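The next block holds one structure in the form of structure tokens; read it before the comments.
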Amino acid sequence: MHEYAFFLGCIAPNRYPGCEASAIKTSENLGIKLLDLEGASCCPAPGAFGSIDLNIWYAMAARNILLAEQMKKDIALICNGCYKSIYEVNEKLKKHKELREGVNEVLKGIDMEFKGTVDVWHLAELLYDPEICGIQKIRDSITVPLEGTRIAVHYGCHLMKPKKERHFGSTEHPYWIEELVAALGAEPVEYRNKMLCCGAGGGVRGYDLVHSIDITNEKMINLKEAKVDALTEVCPFCQLQFDRGQIEIEEKFGVKWGLPVLHYCELLGLAQGMSPQELALDLHAVSCEPFLEKVL
Amino acid sequence: MARTKGYPETLDKKLADTRLYEDERHPDFTKTVEKISMTIPHMCFQCGTCTASCPSAPRSSYRIRKFVRRALLGLEEEALTDPDLWLCTTCYSCTDRCPRDIAPTDVIMAMRNLAAQRDIVPVNFLKTVQAIYTTGHGVPNNDVNRAARKKLGLNPEPPTTAGFPQYVKGIQYIIDYFGLKERADRIVKEREG
Numbered sequence: 016m017h018e019y020a021f022f023l024g025c026i027a028p029n030r031y032p033g034c035e036a037s038a039i040k041t042s043e044n045l046g047i048k049l050l051d052l053e054g055a056s057c058c059p060a061p062g063a064f065g066s067i068d069l070n071i072w073y074a075m076a077a078r079n080i081l082l083a084e085q086m087k088k089d090i091a092l093i094c095n096g097c098y099k100s101i102y103e104v105n106e107k108l109k110k111h112k113e114l115r116e117g118v119n120e121v122l123k124g125i126d127m128e129f130k131g132t133v134d135v136w137h138l139a140e141l142l143y144d145p146e147i148c149g150i151q152k153i154r155d156s157i158t159v160p161l162e163g164t165r166i167a168v169h170y171g172c173h174l175m176k177p178k179k180e181r182h183f184g185s186t187e188h189p190y191w192i193e194e195l196v197a198a199l200g201a202e203p204v205e206y207r208n209k210m211l212c213c214g215a216g217g218g219v220r221g222y223d224l225v226h227s228i229d230i231t232n233e234k235m236i237n238l239k240e241a242k243v244d245a246l247t248e249v250c251p252f253c254q255l256q257f258d259r260g261q262i263e264i265e266e267k268f269g270v271k272w273g274l275p276v277l278h279y280c281e282l283l284g285l286a287q288g289m290s291p292q293e294l295a296l297d298l299h300a301v302s303c304e305p306f307l308e309k310v311l
Numbered sequence: 044m045a046r047t048k049g050y051p052e053t054l055d056k057k058l059a060d061t062r063l064y065e066d067e068r069h070p071d072f073t074k075t076v077e078k079i080s081m082t083i084p085h086m087c088f089q090c091g092t093c094t095a096s097c098p099s100a101p102r103s104s105y106r107i108r109k110f111v112r113r114a115l116l117g118l119e120e121e122a123l124t125d126p127d128l129w130l131c132t133t134c135y136s137c138t139d140r141c142p143r144d145i146a147p148t149d150v151i152m153a154m155r156n157l158a159a160q161r162d163i164v165p166v167n168f169l170k171t172v173q174a175i176y177t178t179g180h181g182v183p184n185n186d187v188n189r190a191a192r193k194k195l196g197l198n199p200e201p202p203t204t205a206g207f208p209q210y211v212k213g214i215q216y217i218i219d220y221f222g223l224k225e226r227a228d229r230i231v232k233e234r235e236g
């Protein structure tokens, strides 16, 4: 069993608890144990905090990393926004002595010191990694194959970009999450401009909602053209933007899309036999029923 | 040939409004932006790949290329007081495509930091700070969610600062170290009463 400190963030536990529940349960079926990271906070939101003062962002993210250092466990998480804060700050503090000393000066006041002893992973990359889990193992764990469904992938931005500070290679046309989707028996579908942002990041969702959901709407137009049954992503904030965003798009632009949006962990949960109730899919703003009718 | 009525006057006015003079440049601004952003706007040759890659560009007057140029020319006032500064979704598409290895997104983040030092910052950013200061979460728990968590067999409060509020003190220490809560409260009050 591979053990990780599970960094929850905000939106998964507080808006889509099905993401949290399915991440824990499906991982366990695949030999990955996600342990509580007691006392973790918001990552903090890279757009909101990073824009105001990067030094506070470094220090706040470092505090979360240090909770895992105390547990002597690497961190696993399920949100791209959290990945940006936790992964990137961890790498930056390991690399830049001056930054690290600045952060440690702040953290001295709460008896903490960044040492750089753990690594940070997105659960999706752990699932894809054959040394940890891998496609075959996922395929073997499936009891309810999602056959006959067409699923598009939204990669989100902060998992793979900026590529210079990540390890995923080119961000122009990745395909590895589609492979994860195919492992569930579904047909992964590509669509125009799939690497386009969901529109929520950088504080724009709060600053100018219409601007923000107009970007989302562009994605919805491209997804509609590809005739997909559902959209999947690996970021609850993107999920919120696509899911609740569709309601906002209807209010502001008068367009109704009705496209179910599910986190990859939720899809994996369904394919491993979890019920929609066990995934709290009723909390989604856009009904998942049309998709569920096809698979269950 | 007849000129459009008022043509030279309006043109003069327009040019006077947009003309920038050497003494409006702050060379220190360029250095500060480079230091905070840890990137190299001075390498920019204004090709426009960044703006072409930008999801905000087609739906607003926000032009990332312009901001990189402002960083380079030291046009501090123009950069920091432009409301478009806050339309970057930080998607990093420009950064991944820049042929000069600049991170324009990080130039924007540095400029936002410098604007915030002058209290130029939209209130939604500050409200996130206030929420995190109180609960540790930018998006806090609520009763509907607690009930749903219970049904899933999860603890109604996640094992974060929500379930272990004793950890909130550490977060408040960090935010107070930078005096940010006080500033956020003051600015939000000034804007919203």
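The listed protein sequences correspond, in order, to chains F and V. Here this note's numbering = 1-based position in the first sequence + 15. Here this note's numbering = 1-based position in the second sequence + 43. Quick reminder that beta carbons are idealized off the backbone N, C-alpha and C, glycines included. Just so it is clear, the structure is predicted and the values come from calculations on it, not from any experiment.
Any heavy atom of the ligand ATP closer than 7 Å to the beta-carbon of residue i?
{"i": "residue 32 of chain F", "result": "Absence of the ligand ATP from the depicted structure is noted, as is the absence of any ligand whatsoever, leaving it without description."}
Return yes when the Cβ of residue j is within less than 8 Å of the Cβ of residue i, no when it is not.
{"i": "residue 79 of chain F", "j": "residue 58 of chain F", "result": "yes"}
{"i": "residue 214 of chain V", "j": "residue 121 of chain F", "result": "no"}
{"i": "residue 149 of chain V", "j": "residue 99 of chain V", "result": "no"}
{"i": "residue 60 of chain F", "j": "residue 171 of chain V", "result": "yes"}
{"i": "residue 96 of chain V", "j": "residue 137 of chain V", "result": "yes"}
{"i": "residue 295 of chain F", "j": "residue 159 of chain V", "result": "no"}
{"i": "residue 249 of chain F", "j": "residue 139 of chain F", "result": "yes"}
{"i": "residue 204 of chain F", "j": "residue 159 of chain F", "result": "no"}
{"i": "residue 154 of chain F", "j": "residue 202 of chain F", "result": "no"}
{"i": "residue 24 of chain F", "j": "residue 97 of chain F", "result": "yes"}
{"i": "residue 254 of chain F", "j": "residue 231 of chain F", "result": "no"}
{"i": "residue 214 of chain F", "j": "residue 157 of chain F", "result": "no"}
{"i": "residue 123 of chain V", "j": "residue 157 of chain V", "result": "yes"}
{"i": "residue 202 of chain V", "j": "residue 51 of chain F", "result": "yes"}
{"i": "residue 73 of chain V", "j": "residue 115 of chain V", "result": "yes"}
{"i": "residue 167 of chain V", "j": "residue 218 of chain F", "result": "yes"}
{"i": "residue 190 of chain F", "j": "residue 237 of chain F", "result": "no"}
Taking the beta carbon of residue i as the centre, do at least 16 other beta carbons fall within 10 Å, making it buried, or is it exposed?
{"i": "residue 58 of chain V", "result": "exposed"}
{"i": "residue 132 of chain F", "result": "exposed"}
{"i": "residue 187 of chain V", "result": "exposed"}
{"i": "residue 306 of chain F", "result": "buried"}
{"i": "residue 63 of chain V", "result": "exposed"}
{"i": "residue 302 of chain F", "result": "exposed"}
{"i": "residue 85 of chain V", "result": "exposed"}
{"i": "residue 168 of chain F", "result": "buried"}
{"i": "residue 103 of chain F", "result": "buried"}
{"i": "residue 147 of chain V", "result": "buried"}
Quick check: the Cα distance between residue i and residue j, rounded to an integer number of angstroms?
{"i": "residue 280 of chain F", "j": "residue 41 of chain F", "result": "7 Å"}
{"i": "residue 84 of chain F", "j": "residue 72 of chain F", "result": "18 Å"}
{"i": "residue 189 of chain V", "j": "residue 291 of chain F", "result": "18 Å"}
{"i": "residue 36 of chain F", "j": "residue 197 of chain V", "result": "7 Å"}
{"i": "residue 43 of chain F", "j": "residue 152 of chain F", "result": "12 Å"}
{"i": "residue 128 of chain F", "j": "residue 118 of chain F", "result": "8 Å"}
{"i": "residue 34 of chain F", "j": "residue 278 of chain F", "result": "7 Å"}
{"i": "residue 169 of chain V", "j": "residue 220 of chain F", "result": "14 Å"}
{"i": "residue 107 of chain V", "j": "residue 195 of chain V", "result": "45 Å"}
{"i": "residue 183 of chain V", "j": "residue 298 of chain F", "result": "16 Å"}
{"i": "residue 224 of chain V", "j": "residue 194 of chain F", "result": "45 Å"}
{"i": "residue 183 of chain F", "j": "residue 175 of chain F", "result": "6 Å"}
{"i": "residue 135 of chain V", "j": "residue 178 of chain F", "result": "9 Å"}
{"i": "residue 304 of chain F", "j": "residue 258 of chain F", "result": "14 Å"}
{"i": "residue 274 of chain F", "j": "residue 53 of chain V", "result": "51 Å"}
Judging by CA-CA distance, which residue of the options is the nearest neighbour of residue i?
{"i": "residue 252 of chain F", "options": "F:49, F:134, F:142 and F:99", "result": "F:99"}
{"i": "residue 88 of chain V", "options": "V:227, V:100 and V:142", "result": "V:142"}
{"i": "residue 92 of chain V", "options": "V:114, V:139, V:103 and V:67", "result": "V:139"}
{"i": "residue 187 of chain F", "options": "F:164, F:198, F:201 and F:212", "result": "F:212"}
{"i": "residue 55 of chain F", "options": "V:224, V:230 and V:210", "result": "V:210"}
{"i": "residue 284 of chain F", "options": "F:39, F:16 and F:162", "result": "F:39"}
{"i": "residue 105 of chain V", "options": "V:144, V:208 and V:151", "result": "V:151"}
{"i": "residue 235 of chain F", "options": "F:223, F:217 and F:263", "result": "F:263"}
{"i": "residue 107 of chain F", "options": "F:92, F:134 and F:268", "result": "F:134"}
{"i": "residue 266 of chain F", "options": "F:224, F:92, F:67 and F:183", "result": "F:224"}
{"i": "residue 20 of chain F", "options": "F:125, F:47 and F:32", "result": "F:47"}
{"i": "residue 132 of chain V", "options": "F:287, F:246, F:226 and F:270", "result": "F:226"}
Contact list for the stretch 24 to 41 of chain F against chain V, Cβ threshold 8 Å: 25, 26, 28, 29, 30, 32, 33, 35 and 36
The stretch 45 to 60 of chain F: positions lying closer than 8 Å to chain V by Cβ: 51, 52, 53, 54, 55, 56, 57, 59 and 60
Residues of the stretch 135 to 168 of chain V whose Cβ lies closer than 9 Å to any Cβ of chain F, in chain order: Listed by position, the residues of the stretch 135 to 168 of chain V near chain F (Cβ gap below 9 Å) are 135, 136, 138, 139, 140, 144, 146, 148, 149, 151, 152, 153, 155, 156, 158, 159, 160, 164, 165, 166, 167 and 168.
Short-range partners of chain F found in the stretch 92 to 110 of chain V, where Cβ spacing is below 8 Å: 98, 99, 102 and 103
Against chain V: residues of the stretch 284 to 296 of chain F by CB proximity under 9 Å: 292, 293, 294 and 295
Chain-ordered residues of the stretch 222 to 242 of chain F with a beta carbon less than 7 Å from chain V: 222, 223, 226, 229 and 230
Against chain F: residues of the stretch 52 to 84 of chain V by CB proximity under 7 Å: 79
Residues from the stretch 82 to 96 of chain F in contact with chain V, defined by Cβ distance under 9 Å: 82
Near-chain V residues of the stretch 63 to 74 of chain F - C-beta to any C-beta below 9 Å: 63, 64, 65, 66, 67, 68, 69, 70, 71 and 74
Contact residues within the stretch 160 to 184 of chain F, judged by C-beta distance below 7 Å to chain V: 172, 176, 177 and 178
Residues in the stretch 241 to 269 of chain F having any Cβ partner in chain V nearer than 7 Å: none
Members of the stretch 197 to 216 of chain V that neighbour chain F once the beta carbon cut-off is set at 7 Å: 197, 201, 202, 203, 204, 207, 210, 213, 214 and 216
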